[in-house]
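Asker:
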């Protein structure tokens with residue numbers, strides 16, 4: 001016997017849009033048989049498989065082609081080339097509000113949305129109470145949708161989709177709105193899908209959710225697959241690329257300002273990577289002073305890969321007087337760092353003498369601390385358990 005087909009097989013998928021300078025150009029192109037458009041390649045040469053019972057994450061910057069890919073798989077867009085094969089039913093929670101009418105009540109919109117999905121009224125009536133209870137909208141179900149918040153609309157849409165148990169569920173950024181409690185309910189429901197052998201295609205800007213939920217991840221960049229494989233390999237590579245690009249952009253923007261009292265020439269890590277928890281973390285900062293009449297302060301901060309701050313220190317925070325003039329080299333040491341394993345970044349900044357205005361900034365990305373324990377959080381705290 002041959003192996004069962006995957007829930008989803010995508011082969012050499014592409015989508016090209018024709019862009020016209022003005023609407024009349026469409027008619028002119030048709031009448032005179034002269035090309036009056038330019039092609040925009042939104043997706044090109046995308047191929048992958050998603051087995052039953054697995055979850056595939058999709059990451060990438062805005063404009064990378066994520067939503068286009070999901071819409072092609074959901075069937076709301078027609079591909080320019082390639083093949084999409086689905087083994088079983090497919091439902092997608094794509095753009096919030098699609099299939100809803102603002103003037104209708106939540107009750108009416110459940111049946112309206114069901115019509116859009118091709119569902120029978122009998123099925124919707126049988127599952128109506130379950131849908132409303134999961135969305136926790138009993139008190140609002142007979143109010144117009146225009147009175148709902150964005151989070152409430154998402155709850156209604158997800159609850160309807162979740163009650164139908166498709167073979168392939170597509171979720172595009174839906175969990176980026178709403179409260180944390182309901183996001184947890186959604187993740188739990190999707191885990192139930194997965195445990196029942198359903199496949200999930202999950203697109204999110206929350207790399208933490210992708211890391212914790214997805215078996216494999218596909219990184220789209222400019223409409224093509226840049227990296228595809230195990231999530232614990234793809235996400236660190238994507239994070240490192242984001243950090244590097246952010247550092248280059250910030251440095252370029254800062255360099256555009258003139259009349260700075262000083263600029264950061266370089267920020268170096270003197271340790272070998274990956275760093276070991278408990279080791280001394282040492283940085284070297286080189287400054288070039290351009291003016292003697294403007295005093296300044298220097299700070300160095302450590303941040304997590306999602307931008308959350310871990311620690312900030314600086315000359316003004318340490319009670320030291322402002323600096324001015326001369327080229328300087330500063331060594332900063334963090335003794336015996338208690339950071340847990342993960343990816344961090346270091347941010348050096350030059351402030352005015354009040355510590356309020358940023359003159360210059362340089363970012364050192366990809367500061368990796370080796371993971372050598374199973375604790376969760378930011379730093380390691382010595383602990384002792386006594387159970388009686």
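Numbering (the UniProt record's numbering), first residue to last: 1 to 388.
In this text, a Cβ means the ideal position worked out from N, Cα and C, and glycines have one as well.
Source: prediction; values computed, not measured.
What is the DSSP secondary structure of residue 164, reduced to helix, strand or coil?
Answerer: coil
Asker: Spatial neighbours of residue 111 within its chain, please: CB distance less than 7 Å, with the 5 preceding and 5 following residues excluded, ordered by chain position.
Answerer: 121, 124
Asker: Would DSSP call residue 219 helix, strand or coil?
Answerer: strand
Asker: When we look at the beta-carbon of residue 195 and count the other beta-carbons within 10 Å, is it buried (16 or more) or exposed?
Answerer: Per the 10 Å Cβ criterion, exposed.
Asker: Am I right that residue 10 and residue 47 are in contact with their C-beta atoms under 8 Å? What's the rounded C-beta distance?
Answerer: 6 Å
Asker: Out of 16, 14, 38, 88, which has the shortest C-alpha to C-alpha gap to residue 25?
Answerer: 38
Asker: What residues match up with residue 303 in a beta bridge as DSSP calls it?
Answerer: 309, 345
Asker: Please look up how many angstroms separate the CB atoms of residue 285 and residue 348, rounded, as I've assumed it's under 8 Å.
Answerer: 5 Å
Asker: I'd like to know whether the C-beta atoms of residue 213 and residue 235 end up nearer to each other than 8 Å.
Answerer: no
Asker: From this set, 381, 358, 219, 289, which residue's C-alpha is nearest residue 277's C-alpha?
Answerer: 381
Asker: Which first and last residues belong to the beta strand (DSSP E) in which residue 15 is found?
Answerer: Element bounds for residue 15: 8-20.
Asker: Decide if residue 232 is buried, meaning its Cβ has at least 16 other Cβ atoms within 10 Å, or exposed.
Answerer: exposed
Asker: Taking C-beta to C-beta, are residue 170 and residue 265 nearer than 8 Å?
Answerer: no
Asker: My guess is that residue 12 and residue 82 are in contact by the Cβ rule of under 8 Å, so how many angstroms apart are they, rounded?
Answerer: 4 Å
Asker: Where residue 85 and residue 192 are concerned, what is the direct C-alpha to C-alpha distance, given to the nearest angstrom?
Answerer: 24 Å
Asker: Hey, would you say residue 44 sits closer than 8 Å to residue 14, going by beta carbons?
Answerer: Yes, Cβ-Cβ distance for residue 44 and residue 14 is below 8 Å.
Asker: Should residue 453 and residue 31 be called a contact, given that it needs their Cβ atoms to be closer than 8 Å?
Answerer: Limits of the chain in this structure are 1 at one end and 388 at the other, which puts residue 453 out of reach.
Asker: For a quick check, are the C-beta atoms of residue 159 and residue 131 less than 8 Å apart?
Answerer: Here residue 159 is near residue 131, since their CB atoms are less than 8 Å apart.
Asker: Have a look at residue 19 and residue 151 and give me their C-alpha separation to the nearest angstrom.
Answerer: For the pair residue 19 and residue 151, the Cα-to-Cα distance works out to about 34 Å.
Asker: Buried or exposed for residue 387, going by 16 or more other Cβ atoms inside 10 Å?
Answerer: exposed
Asker: What's the call for residue 305, buried or exposed, on a 16-neighbour Cβ count within 10 Å?
Answerer: Residue environment analysis places residue 305 among the buried positions, since at least 16 neighbouring C-beta atoms fall within 10 angstroms of its C-beta.
Asker: If distances are taken between C-alpha atoms only, which option among 335, 283, 22 comes closest to residue 365?
Answerer: 283
Asker: Please state the DSSP three-state secondary structure of residue 242.
Answerer: helix
Asker: What residue range does the beta strand (DSSP E) around residue 39 cover?
Answerer: 37-50
Asker: Please classify residue 326: is it buried, with 16 or more other beta-carbons within 10 angstroms of its beta-carbon, or exposed?
Answerer: exposed
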